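Each residue of the sequence shown is one higher than the one before, starting from 0 at the first, in numbering that gives the first Met the number 0.
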Amino acid sequence: MIKTACGFDCPDACGIVCDSSHFPKVVADPAHPTSNGALCSLVNRYMHQEDRVTKPRVNGKEVSLDEALEAVAKSLEVKDKLLWRGSGNFGVMQEITNLLFKAIDGTTTKGSLCDGAGDAGILAGRGVNKILPPEQIAKADVVVVWGKNLTVTASHLMPYIEGKKLIVIDPIVTPIAKMADLYIQNAPRSDFYLALMLSRFVIMGDHENKEFLDEFAPEYDDFYDFTRGFRIKAILEYIGIDLEIMGEFLEYIVDKRVVYLVGNGVQKYSIGNFVLQAIDALAITLGHFGKNGCGVAFLGNSKLGFENPFEIKGKKVQKAITRFGDFDTVLIQGGNPAESMPDSSRVIEELKKTKTIIYFGLYENETSAMADIVIPAKNFFEKDDVRLSYAHHIVSPMRKVVECDYGISEYDFTNTILQKMGFESLAKEQEYLDIWLNQAKQKEEYLLSPVYEEIPYQDGFEDDEFEFIDDFYDDFETNKSLTRVRKNKKKDKEITEYWLVTPKSSHSLNTQFQRDNKITIHPSLGFKDGEKVRVYSSWGEHEFIVKNSDLMRVDTVLIPVNTIGVNYLTPSILSEEGDSACYQEVKVKLDRI
Ligand SMILES: Nc1nc2c(c(=O)[nH]1)N[C@H]1C(S)=C(S)[C@@H](COP(=O)(O)OP(=O)(O)OC[C@H]3O[C@@H](n4cnc5c(=O)[nH]c(N)nc54)[C@H](O)[C@@H]3O)O[C@H]1N2
Ligand SMILES: Nc1nc2c(c(=O)[nH]1)N[C@H]1C(S)=C(S)[C@@H](COP(=O)(O)OP(=O)(O)OC[C@H]3O[C@@H](n4cnc5c(=O)[nH]c(N)nc54)[C@H](O)[C@@H]3O)O[C@H]1N2
Ligand SMILES: [Mo]
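Structure representation (structure tokens):
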């Protein structure tokens, strides 16, 4: 029996037990706090995925691994070379390729396709993004699931919310929304205003926790003034809810222990940082921080408190809007930018300008199809690594369970290329693994992050006090042509532009595994199931197959991340703070074909 951990970019970071004589049959580690005895169906797919890259290629020709690595080394002997890493595997050893780019004075990336905007908002308010241990969810009276598709993207948290009052805020009636005691189907991109209005009503109704605020967030009077700068009626109309629901919401959360589970959905916008800072502020006004059964959990910083041996300085370019064409050689590791980055037409055009694209990954995909050199990676059962999580503090060794005779690990890749290019070799692989493991602390049978605290923010915030928002700007909303959709329920016919909601899917891990071709829309739009539509935005267009559902708002369409072509519609822009992609900062139109 070998214990390891799942490498998927998921918050759960499940423990796995493998009986090596029965491999590829694997089961959840029954003792692991977030695996809860069952692995998701994606792990099973991982074991049987067909389009695995098994043969190295150079310019379309199959070659030996050594020949391919030789070609990699040669292609890196140019002036401008870029390392663009995706999040296909969450093991810490993925980053060891940084050491190669340090040696060759190459460029790496900064920013994020994922949670950068929300993270920046948290840093602005709290100063540091700590993880809320799942045990605190279990101690809450009320759980607010805010723009997080819990049953799909973090299903192992479900046992922790059992028996709690549940509030869900999501423009789509997700499975978790159907379980809610109070469900708010707000308009996309309205969460900043929703959180702000709620805070205003908290203080207006004298429900604020004065003792807590005086100690940890003394500037709350100014914040109250700030919230009063927004017009209640217009804002409620924009959010698409009425005053009573606000009242009901407050009744649930005032004087209770409340945990807010906030997902990526709320922050895929230029103002994503403000959204998280506003949700934090709401929790702060009610004193929902630093106590048992309280807190706001977003995607936490899994590496907080670790000294990272792979962190390098040097030239960096923006990850979400990378101009690949500025480089002679681009190494794409563990990602599928041709499909996962926003604004696919721009990305593909830029990739075409690059002289040499190296794809280092597990599967054939849109990016491997464009690559000049293809290097097969090992999967997380085939190499040693260490797994951290952005939702809990467990540090899990990832252990090699089987041999793979065609792939190469990130460690071996880096070491081989360094040697071929005449640089000093790396230290032994185990030494790097130990650097991570030795920083963790033992608690019962687990290793925990060095900054594990049972109750984060118990002693307040980084700079002593919580920083409220005092300045807000929103260019998107002031552009009248983009905000035509207002009274959508009453005037269906007037709607011509729709919010694009593009979340995760249960059948895929971003663009890995099962792909799709559907757009889900409200039946009142007048399209038939199975009909082909051309969907377009100011960034690009693509065709999808219609699926009608009355779980949709009339003003919103749904195209999950695993849908081929969805990112032709999404914008090449960065969030106000956090250098993050803004997948939903766009409205789309639909045409019959
Ligand atoms: N099965 C599966 N699990 C995954 C992944 C996967 O691809 N597949 N990916 C992993 C990764 S990389 C990540 S980052 C996490 C992300 O997981 P989540 O945080 O759950 O993020 P999303 O699925 O993008 O969106 C979550 C919810 O936000 C809602 N939403 C969209 N726009 C808005 C809005 O403006 N306001 C509000 N209130 N809600 C909104 C969507 O309808 C959706 O239900 O999941 C991880 N887990
Ligand atoms: N429209 C839309 N677009 C999105 C999102 C969305 O919600 N909607 N979500 C965004 C988010 S949150 C994220 S995190 C990004 C993810 O975007 P990417 O990081 O591009 O992730 P994937 O598309 O899952 O591609 C990961 C690739 O990693 C490779 N891989 C897997 N394991 C390993 C390994 O051990 N070693 C190596 N070398 N390669 C490996 C696989 O071949 C796989 O194709 O997508 C973003 N794009
Ligand atoms: Mo992500």
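We treat Cβ as the ideally placed atom computed from N, Cα and C, and that holds for glycine. Bear in mind the structure is a predicted one, so any value in this text is a computation, not a measurement.
I need the DSSP call for residue i, collapsed to helix, strand or coil.
{"i": "His47", "result": "helix"}
{"i": "Ile103", "result": "coil"}
{"i": "Lys488", "result": "With a pLDDT of 45 at Lys488, under the threshold of 50, the predicted position of this residue should be treated as unreliable, though the coordinate-derived value follows. If DSSP states are grouped into helix, strand and coil, Lys488 belongs with coil."}
{"i": "His155", "result": "helix"}
{"i": "Tyr582", "result": "coil"}
{"i": "Phe412", "result": "helix"}
{"i": "Gln317", "result": "strand"}
{"i": "Val201", "result": "helix"}
{"i": "Asn547", "result": "strand"}
{"i": "Ser480", "result": "Unreliable positioning characterises Ser480 in this predicted model, as indicated by a pLDDT of 32, which lies under 50. A coordinate reading is not provided."}
{"i": "Trp538", "result": "coil"}
{"i": "Leu508", "result": "strand"}
{"i": "Phe460", "result": "strand"}
{"i": "Ser86", "result": "coil"}
{"i": "Gly124", "result": "helix"}
{"i": "Thr173", "result": "coil"}
{"i": "Ser189", "result": "coil"}
{"i": "Gly577", "result": "coil"}
Give a yes or no on whether the minimum CB-CB distance between residue i and chain D is below 8 Å.
{"i": "Glu466", "result": "The structure shown contains no chain D; it is built from a single protein chain."}
Cβ of residue i within 7 Å of any heavy atom in ligand 2?
{"i": "Asp549", "result": "no"}
{"i": "Val560", "result": "yes"}
{"i": "Thr569", "result": "yes"}
Taking 7 Å as the cut-off, is the beta-carbon of residue i closer than that to any non-hydrogen atom of ligand 4?
{"i": "Ala67", "result": "Questions concerning ligand 4 fall outside what the structure shown contains, since the ligands it does hold are ligand 1, ligand 2 and ligand 3."}
Can you give the Cα-Cα distance for residue i and residue j, rounded to whole angstroms?
{"i": "Lys586", "j": "Phe467", "result": "30 Å"}
{"i": "His21", "j": "Asp28", "result": "16 Å"}
{"i": "Pro455", "j": "Phe288", "result": "8 Å"}
{"i": "Thr106", "j": "Asn97", "result": "9 Å"}
{"i": "Lys588", "j": "Arg533", "result": "8 Å"}
{"i": "Val274", "j": "Asp463", "result": "22 Å"}
{"i": "Phe460", "j": "Leu447", "result": "22 Å"}
{"i": "Thr3", "j": "Ile136", "result": "25 Å"}
{"i": "Ile374", "j": "Ala72", "result": "12 Å"}
{"i": "Cys13", "j": "Arg386", "result": "10 Å"}
{"i": "Val450", "j": "Asn547", "result": "47 Å"}
{"i": "Glu575", "j": "Phe229", "result": "20 Å"}
{"i": "Gln438", "j": "Phe305", "result": "7 Å"}
{"i": "Cys5", "j": "Leu557", "result": "29 Å"}
{"i": "His391", "j": "Val400", "result": "24 Å"}
{"i": "Leu249", "j": "Phe471", "result": "24 Å"}
{"i": "Ile244", "j": "Asn291", "result": "27 Å"}
{"i": "Asn378", "j": "Asp554", "result": "41 Å"}
{"i": "Ile240", "j": "Gly271", "result": "21 Å"}
{"i": "Asp114", "j": "Lys382", "result": "27 Å"}
{"i": "Lys486", "j": "Leu193", "result": "Bear in mind that the predicted position of Lys486 carries a pLDDT of just 39, short of 50, making it unreliable; the figure below should be weighed with that in mind. Spanning the two alpha carbons is a distance of roughly 17 Å."}
{"i": "Leu64", "j": "Ile407", "result": "9 Å"}
{"i": "Arg591", "j": "Gly525", "result": "10 Å"}
{"i": "Ser536", "j": "Asn35", "result": "42 Å"}
{"i": "Gly262", "j": "Glu69", "result": "43 Å"}
{"i": "Lys78", "j": "Tyr182", "result": "55 Å"}
{"i": "Leu38", "j": "Glu210", "result": "44 Å"}
{"i": "Lys442", "j": "Phe191", "result": "38 Å"}
Any chance the CB of residue i is under 7 Å from a heavy atom of ligand 3?
{"i": "Cys581", "result": "no"}
{"i": "Ser339", "result": "no"}
With a CB to CB cut of under 6 Å and the five nearest residues on each side skipped, what residues in its chain are close to residue i?
{"i": "Tyr223", "result": "Ile202"}
{"i": "Asp50", "result": "Tyr362 and Glu363"}
{"i": "Ile95", "result": "Phe309, Glu409, Tyr410 and Thr413"}
{"i": "Lys370", "result": "First, the residue type needs correcting, since residue 370 is Ala and not Lys in the sequence shown. Correct list, in chain order: Ile356 and Tyr358."}
Excluding the 5 residues flanking residue i on each side, which residues of the same chain have their C-beta closer than 7 Å to its C-beta?
{"i": "Ile121", "result": "Asn128, Leu275, Asp279 and Phe297"}
{"i": "Pro308", "result": "Tyr431 and Ile434"}
{"i": "Ser388", "result": "Pro10, Ala12 and Ser301"}
{"i": "Lys267", "result": "Cys581, Tyr582 and Gln583"}
What I want to know is whether the C-beta of residue i ends up closer than 7 Å to one or more non-hydrogen atoms of ligand 1.
{"i": "Val500", "result": "yes"}
{"i": "Cys113", "result": "yes"}
{"i": "Ile8", "result": "The amino acid at residue 8 is misidentified as Ile; the sequence shows Asp. Yes, the beta carbon of Asp8 sits closer than 7 Å to at least one heavy atom of ligand 1."}
{"i": "Pro133", "result": "no"}
{"i": "Ser86", "result": "yes"}
Between residue i and the rest of its own chain, which residues show a CB-CB distance below 8 Å, the 5 nearest in sequence each way excluded?
{"i": "Thr366", "result": "Ile331, Gly334, Asn335, Pro336, Ala337, Glu338, Leu350, Ile356, Tyr358 and Gly360"}
{"i": "Glu161", "result": "none"}
{"i": "Arg227", "result": "Arg199"}
{"i": "Ser424", "result": "Asn414, Leu417 and Gln418"}
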